[in-house]
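Respectively, the protein sequence lines represent chains A and B.
According to the numbering used here, the stretch in the first sequence is residues 1 to 397, in order.
According to the numbering used here, the stretch in the second sequence is residues 1001 to 1397, in order.
Don't be surprised by glycine CBs; every beta carbon is placed ideally from N, CA and C.
Number of protein chains: 2
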Amino acid sequence: MLEPIPEAVEMPRGFRAGGVGCGLKADGELDLGLLVAEEPVAANALFTQNRLVGAHVTVCRRHLATSGGRVRAVLVNSKNANCATGETGVQDAVACCAALAQRLDCPTEQVLMVSTGVIGAPLPRQRILDHLDALVAATTEPNGGIDFARAIMTTDTYPKAISHAHDAGRVTGFAKGSGMIHPDLATMLAFYLTDQPCGDQATAQHALTEINDRSMQRVTVDGDTSPNDTVLLLHPAADPARSDAAPAPVANLTEVAQALARHIAADGEGASRLVTVEVRGAASERDAMIVGRVIATSPLVKTAIAGRDPNWGRIVSAAGRADIAFDPGAARVWVGPAEVFRHGRPAPEAEPRGAEHLQNERAVRIGIDLGMGSAAADVWTCDLTADYIHINADYRT
Amino acid sequence: MLEPIPEAVEMPRGFRAGGVGCGLKADGELDLGLLVAEEPVAANALFTQNRLVGAHVTVCRRHLATSGGRVRAVLVNSKNANCATGETGVQDAVACCAALAQRLDCPTEQVLMVSTGVIGAPLPRQRILDHLDALVAATTEPNGGIDFARAIMTTDTYPKAISHAHDAGRVTGFAKGSGMIHPDLATMLAFYLTDQPCGDQATAQHALTEINDRSMQRVTVDGDTSPNDTVLLLHPAADPARSDAAPAPVANLTEVAQALARHIAADGEGASRLVTVEVRGAASERDAMIVGRVIATSPLVKTAIAGRDPNWGRIVSAAGRADIAFDPGAARVWVGPAEVFRHGRPAPEAEPRGAEHLQNERAVRIGIDLGMGSAAADVWTCDLTADYIHINADYRT
């Protein structure tokens, strides 16, 4: 269910990655990451739909518009969101991009910057500028990929990187995110890199939306969203002179994106269980996703799982408040292998097996069949434990 | 901010209330409550909008339709929701109503039953029937009102009853609710009794919706809703021969309903703070309420308050994901008396006063001015503490 994170992350041809510590985190931990493409690549992006946006969102949008969607590098810092920092924050981000562009010998607008961390503190710009040389050098290290994944972590407990080789090339993805996780949009940072052509700008953007709808849009930790959410896809620039735009390798990218999405849920703040919410028998995939999200955001469902309680009542109740038609009297609910609710009635004899599943597995599954059709969707979340409270009562996001 | 709960709850003329223990709760605690009207009164009701509904909702709807909205008694049991119990559950509820009707010498359809507690367990019907005589007798006790309030408690830590006298008569309200609390609809049980005429059926129903929109619809504890939510208004039956239908005493009823709503938030599961979310400067009251609800349901805002952190970043972020237009760069945010965010920028010098407010007050307030107009709304919630998790991981609702 959870694909292991590799110790050495392979990069697609033409890409390098690295990370250094510049003192934003304590104890010299990695906090500054860099993705470099040897030649300009095409970039597609999705940003937060929150009305409050970090300075980097403004700068990324501007640079992508000016460069025609061409990118040489993506600079990422953790620990500081550069959000609610006004015009100064935008200038700080642009200055970092410009300084890096000089080192890479490319136009400023071909460098993007992404920030994540505490809202409202000024970006320690000088600290970042002082470490750019070391950062560029770090992208040639063999462990550059996993270092990049480490550098972008905030409350994550482990780095998130997945890389798959295919005949046509390689797809490598990085993500970070552990709290403030909820669809609409990505609610975390994710970077997908590939040497497989993804077609022209419009084709690739459409593909990225589709990939995201089936990955990050189906993860929820706490129903909150961040002002800095960003998903970036970097891929070989299509030759505008050729009209045979390649179709994007959607399936390959979706695999990596979903593997990362499950890791984000598994590493949810305070989580002790990765929970896959399986919705079946829906009239449409959209209906299934809506019901899945409501179940996956229910604090009562999530605390029941923390208590190892196969509480079908809370699952049906949560489904019942999604604005989707179904007859609870015909619904089925399962917890792992145990069908604990059948045709509107509890099946108490099945509950011990459900409780066992919650007790013994690290990755658990709960599900509901709505009896309305044949559409399905999975949504990923985690249980809600007292540790979530401790992390968020004491940490300033 | 929080009106004290009286030790002896005065009832409006013509009403009695009482409670007994029939063994649903352990240790002989009160678990069966009764409201009796000496003459049939008019009843208006609002029920849960969850697709899963308790048996009592089905029975109440049926009885109100048959009786033309006339009621002599309301029987309430806690600890068992009689929900997901199929046709047997409906028959159990009708049998309890019938047995009580016999004792009160009225038609069965003039008795309503309301249940709250664990979902999916069969209603211990015989236990309830065996205690009806004692229950009717208990309504003549001087402490019958507060006993009724105690009998309907589930995870509540104190009974919730408010009574106000006016020149025109008296309004008395009872409520229970502590978790699974979220608008849409009432998300708890509430009973409003008055000897003030509320006009004909249509007038009273319209008034009840309006009262509810400004009270229970503005409380949220955990964003979850229950299949058993019920709000009942009992009032003197209007004389159909007279056309001068009295206007309902909306203001008097709203006062009582809001006082109870605040108590429900204050007594939210695991709560250490009652939080009033003040939204100002909205384009409409509806906008203000929507923004207020998103802030009030944000786990990050609620854990920050548990941590006594005047975290304006989480408040603006939460407001930013409500689907309501505003410019975060023009917004103001306060925590108690401290304006911690002004015109899109933090005001760190104000934060210590905000932290002090959260530390020292039991009833705290946080607010945002959207700068879009002059409409306002208050929403009530509580902080999110580790105790919420412990209560819900270990308790089967």
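Reference residue i; option with closest CA among the options
i       : options                            : result
A/V114  : A/T58, A/V364, A/S272, A/R342      : A/T58
B/W1334 : B/A1325, B/E1351, B/H1235, B/R1308 : B/E1351
A/F148  : A/W312, A/D378, A/I366, A/L35      : A/L35
A/A26   : A/I119, A/A42, A/A37, A/A151       : A/A151
B/P1056 : B/G1117, B/M1372, B/D1213          : Checking the sequence, you will find His at residue 1056 of chain B rather than Pro. Comparing Cα positions, the closest option is B/G1117.
A/L208  : A/G169, A/A251, A/N228             : A/A251
A/L253  : A/G336, A/T85, A/E356, A/G173      : A/G173
A/V379  : A/A325, A/D287, A/T220, A/V171     : A/T220
A/T381  : A/G371, A/V364, A/I389, A/L370     : A/V364
A/H430  : A/P249, A/E356, A/L129, A/C97      : Past the boundaries of the shown model lies residue 430 of chain A; chain A is included only from 1 to 397, so the question cannot be answered.
A/L410  : B/V1009, B/L1052, B/A1204, B/L1112 : No statement about residue 410 of chain A is possible, as the shown extent of chain A runs from 1 to 397 and does not include it.
A/E255  : A/R280, A/I162, A/I295, A/S298     : A/I162
A/H390  : B/V1340, B/L1300, B/P1247, B/G1313 : B/L1300
B/R1286 : B/D1327, B/R1170, B/M1372          : B/M1372
Proximity test, Cβ basis, 8 angstroms: residue i and chain B
i      : result
A/N50  : yes
A/F148 : no
A/R321 : yes
A/L384 : yes
A/G367 : no
A/H56  : no
A/T303 : yes
A/A282 : no
A/G412 : Given that chain A is displayed from residue 1 to residue 397, the structure contains no residue 412 of chain A and the question cannot be resolved.
A/G307 : yes
A/I389 : yes
Any chain A beta carbon closer than 8 angstroms to residue i
i       : result
B/V1316 : yes
B/A1393 : yes
B/F1015 : no
B/H1263 : no
B/F1326 : yes
B/P1124 : no
B/A1099 : no
B/A1259 : no
B/A1093 : no
B/G1177 : no
B/L1300 : yes
B/A1186 : Here the model assigns B/A1186 a pLDDT of 31, short of 50, so the residue's position is not dependable, and the following value carries that caveat. Not an interface residue.
B/I1295 : no
Inter-residue Cα distance where the pair is residue i and residue j
i       : j       : result
B/I1368 : A/G344  : 44 angstroms
B/F1047 : B/A1037 : 21 angstroms
A/A375  : B/A1347 : 50 angstroms
B/G1307 : A/Q102  : 44 angstroms
A/R332  : A/A338  : 11 angstroms
A/V76   : A/Q49   : 20 angstroms
B/P1122 : B/E1087 : 11 angstroms
B/P1183 : B/N1082 : Confidence at B/P1183 is low in this model, with a pLDDT of 38, below 50, so the placement of that residue should be treated as unreliable; the coordinate-derived value is given next. So the two alpha carbons sit approximately 22 angstroms from each other.
A/D394  : B/D1195 : 50 angstroms
A/T187  : A/Q359  : With a pLDDT of only 45 at A/T187, under the threshold of 50, the placement of this residue in the model should not be trusted, and no figure is reported.
A/L185  : B/P1004 : Here the model assigns A/L185 a pLDDT of 30, short of 50, so the residue's position is not dependable and the matter cannot be decided.
B/E1278 : B/R1293 : 10 angstroms
A/G281  : A/A98   : 53 angstroms
B/P1124 : A/Q217  : 44 angstroms
First through last residue of the alpha helix (DSSP H) which encompasses residue i
i       : result
A/M289  : 285-297
A/D147  : 144-151
A/D387  : 386-394
B/P1352 : 1351-1360
A/H343  : Segment: none, A/H343 is in no alpha helix (DSSP H) and carries neither H nor E.
B/S1067 : 1055-1067
B/L1208 : 1201-1213
B/E1038 : Premise fails: B/E1038 lies in the beta strand (DSSP E), 1032-1047, not in any alpha helix (DSSP H).
A/R262  : 250-266
Span of the beta strand (DSSP E) around residue i
i       : result
A/S163  : 160-166
B/V1094 : Here B/V1094 belongs to no beta strand (DSSP E); instead the alpha helix (DSSP H) covers 1086-1104.
B/L1112 : 1111-1115
B/S1131 : Per the sequence presented here, residue 1131 of chain B reads as His, with Ser not at that position. Neither: B/H1131 is in no beta strand (DSSP E) and is coded neither H nor E.
A/G281  : 274-282
A/V379  : 375-382
Per-residue contacts from residue i into chain C (C-beta, under 9 angstroms)
i      : result
A/R345 : Among the protein chains of the structure shown, namely A and B, there is no chain C.
Tell me whether the stretch 1131-1148 of chain B and the stretch 1005-1019 of chain B touch, counting them as touching only if at least three CB pairs, one residue from each stretch, are closer than 8 angstroms.
yes
The stretch 1260-1275 of chain B contacting the stretch 1312-1326 of chain B, beta-carbon criterion three pairs below 8 angstroms:
no
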